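All the letters of the sequence shown, read from the start, carry residue numbers 1 to 397 under the working numbering.
Glycine is no exception: its CB is placed at the ideal position from the N, C-alpha and C atoms.
Remember, it's a predicted structure, so these values are computed and weren't measured experimentally.
Scroll down for the structure; my scribbles are underneath it.
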Amino acid sequence: MLSLAIMCRCLLLCTPGELLAFSDAKDQDAQLREEAREVVSRYAKDFDEYVKALHQSKIPEQYKQAEEKRPKPVSNAVRLVSWAERNPKEPVAADFLATVVRHGRFTEEAQKAASILSRDHLDLHGVQFVETATQVTLWPMPVAEKWLRAYLDKSPNRQTRAMACLQLALFKKWLRERAILEMDADWIERLEENFGKGSTGYLKELDSDRLKDDAIGLLEQIVGDFGDVEWSGTRMTDLARPHYFQLSKLAISKTVPEIEADDLDGVPFRLTQYRGKVVVLTFWATWCGPCMAMVPHERAMVKRFEGKPFALLGVNGDQDRNAARRAVRERQINWRSWQDAGAKNEPISKTWNVHAWPTTFVIDHNGIIRHENLKGKILEEAVEQLLLDAETGVKGE
Numbered sequence: 001m002l003s004l005a006i007m008c009r010c011l012l013l014c015t016p017g018e019l020l021a022f023s024d025a026k027d028q029d030a031q032l033r034e035e036a037r038e039v040v041s042r043y044a045k046d047f048d049e050y051v052k053a054l055h056q057s058k059i060p061e062q063y064k065q066a067e068e069k070r071p072k073p074v075s076n077a078v079r080l081v082s083w084a085e086r087n088p089k090e091p092v093a094a095d096f097l098a099t100v101v102r103h104g105r106f107t108e109e110a111q112k113a114a115s116i117l118s119r120d121h122l123d124l125h126g127v128q129f130v131e132t133a134t135q136v137t138l139w140p141m142p143v144a145e146k147w148l149r150a151y152l153d154k155s156p157n158r159q160t161r162a163m164a165c166l167q168l169a170l171f172k173k174w175l176r177e178r179a180i181l182e183m184d185a186d187w188i189e190r191l192e193e194n195f196g197k198g199s200t201g202y203l204k205e206l207d208s209d210r211l212k213d214d215a216i217g218l219l220e221q222i223v224g225d226f227g228d229v230e231w232s233g234t235r236m237t238d239l240a241r242p243h244y245f246q247l248s249k250l251a252i253s254k255t256v257p258e259i260e261a262d263d264l265d266g267v268p269f270r271l272t273q274y275r276g277k278v279v280v281l282t283f284w285a286t287w288c289g290p291c292m293a294m295v296p297h298e299r300a301m302v303k304r305f306e307g308k309p310f311a312l313l314g315v316n317g318d319q320d321r322n323a324a325r326r327a328v329r330e331r332q333i334n335w336r337s338w339q340d341a342g343a344k345n346e347p348i349s350k351t352w353n354v355h356a357w358p359t360t361f362v363i364d365h366n367g368i369i370r371h372e373n374l375k376g377k378i379l380e381e382a383v384e385q386l387l388l389d390a391e392t393g394v395k396g397e
């Protein structure tokens, strides 16, 4: 009652012009609120249509048409972002800012919206937080890490803190993989198209070992601090486990884990049977275009190193074993492959946390992982060096 009385007294003291300005401001505020609400609704609908089109696509042309449906960055968002900043308690403010971030690429408006979210809306949670965080992790490292750290350290929502921890771990893991690729020129060019020239300079300074240690530490934090937290019915520890296995067991200089499963003919065999040989282990499938494009070179490599302590082994991801066996015959695939689903407990690719096909590991004669995802001439040169090491008795580092 007191505040109402004070407001009434202030209004009585206002001039007619001041009252009109106050009324206009309220009207403008209401208009901006409705604009923000309309943007949130429209983008949610447009994004659903885009995802539906992607799922229905079967051929490259359809995928291209589907991509044209991807929502563009929110146009003329400056006014509405400023309105959301002035009105943090408005229910639609956080929804609008998250929409700008998720669909804003790396525009100035999207960066400002993200900054406001991590300052005024630390209670962001659920799917909205995860989708927003996923977009932010596509941004340059300093920006993305600062944003995720804010939620990990300060969010009042425990599930949000847990997801921020996982997202930050996966972001560090992804950056490590980029560092191992030694800054592929085409990849750098694509990044700079999205984020601007000079935005990738920090990538050249990446320390893959430091990134690995950071990611492992964050995954261990999930187990220690958020072990009882769930996401969509799955415990956070279960979400973290395959990534932890990949970083701690499949890192360069680690002894390669055992693989024991059936081959494409149903005959069981083990990776350790090839100890003493340099092994190229490739995860491949007939439905994977890049995998099949590599077959001629892989076939030639097997032929070239024939008679040397070398083996190329595959993990085949086809659900239809007959399709894989047919490819072996028709493409003259001259190496042995495990069935991905041929292991006792779970698919090999799940245990090894392989999501990108093809994925390749180069293992030395002592069973030590020495390289990841090499191809072409670089792969052959790496194998040649490891064969030389095997002949001279050099131990893996």
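Status (buried if at least 16 other CB within 10 Å, exposed otherwise) for residue i
i	result
residue 12	Residue placement at residue 12 cannot be trusted, given a pLDDT of 46 that sits under 50; the coordinates are not used to answer.
residue 388	exposed
residue 358	buried
residue 23	With a pLDDT of 49 at residue 23, under the threshold of 50, the predicted position of this residue should be treated as unreliable, and no value is reported.
residue 101	buried
residue 63	exposed
residue 59	exposed
residue 145	buried
residue 376	exposed
residue 386	buried
residue 339	buried
residue 55	exposed
residue 162	buried
residue 344	exposed
residue 44	exposed
residue 30	exposed
residue 155	buried
Candidates the options, of which the one nearest residue i by Cα
i	options	result
residue 207	234, 222, 232 and 178	178
residue 153	343, 314, 221 and 315	221
residue 205	164, 170 and 141	141
residue 308	235, 245, 390 and 297	390
residue 293	273, 372, 327 and 279	327
residue 75	143, 295 and 110	110
residue 95	127, 65 and 107	127
residue 263	144, 162, 393 and 337	337
residue 88	122, 78 and 284	122
residue 158	225, 145, 171 and 173	225
residue 52	42, 66 and 91	66
residue 366	209, 210 and 392	392
residue 384	40, 311 and 320	311
residue 261	50, 322, 341 and 80	341
residue 92	329, 322, 266 and 32	32
residue 50	38, 61, 36 and 69	69
residue 164	135, 323 and 192	135
residue 108	228, 265, 330 and 143	143
residue 265	273, 322, 277 and 297	322
residue 305	277, 289 and 290	277
residue 130	227, 166, 120 and 106	166
residue 139	90, 120, 86 and 193	193
Span of the alpha helix (DSSP H), counted from its first residue to its last, around residue i
i	result
residue 339	Run containing residue 339: none in the alpha helix (DSSP H); it sits in the beta strand (DSSP E), 336 to 339.
residue 255	Element bounds for residue 255: n/a, residue is neither H nor E.
residue 134	126 to 136
residue 239	236 to 249
Residue i and residue j closer than 8 Å at C-beta
i	j	result
residue 275	residue 215	no
residue 147	residue 114	yes
residue 242	residue 350	yes
residue 117	residue 168	no
residue 46	residue 71	yes
residue 360	residue 372	yes
residue 315	residue 283	yes
residue 279	residue 313	yes
residue 259	residue 271	yes
residue 124	residue 99	no
residue 171	residue 132	no
residue 363	residue 252	no
residue 320	residue 285	no
residue 39	residue 97	no
residue 223	residue 234	no
residue 333	residue 295	yes
Cutoff 8 Å: residue i Cβ touching any chain B Cβ
i	result
residue 158	In the structure shown, chain B cannot be found, because there is only a single protein chain.
Range covered by the beta strand (DSSP E) that runs through residue i
i	result
residue 360	359 to 363
residue 314	310 to 316
residue 282	278 to 284
* Okay, do the segment 293 to 305 and the segment 371 to 380 touch, 3+ Cβ pairs below 8 Å being the bar? -> yes
* **the segment 240 to 249 touching the segment 347 to 356, judged by at least three CB pairs closer than 8 Å** => yes
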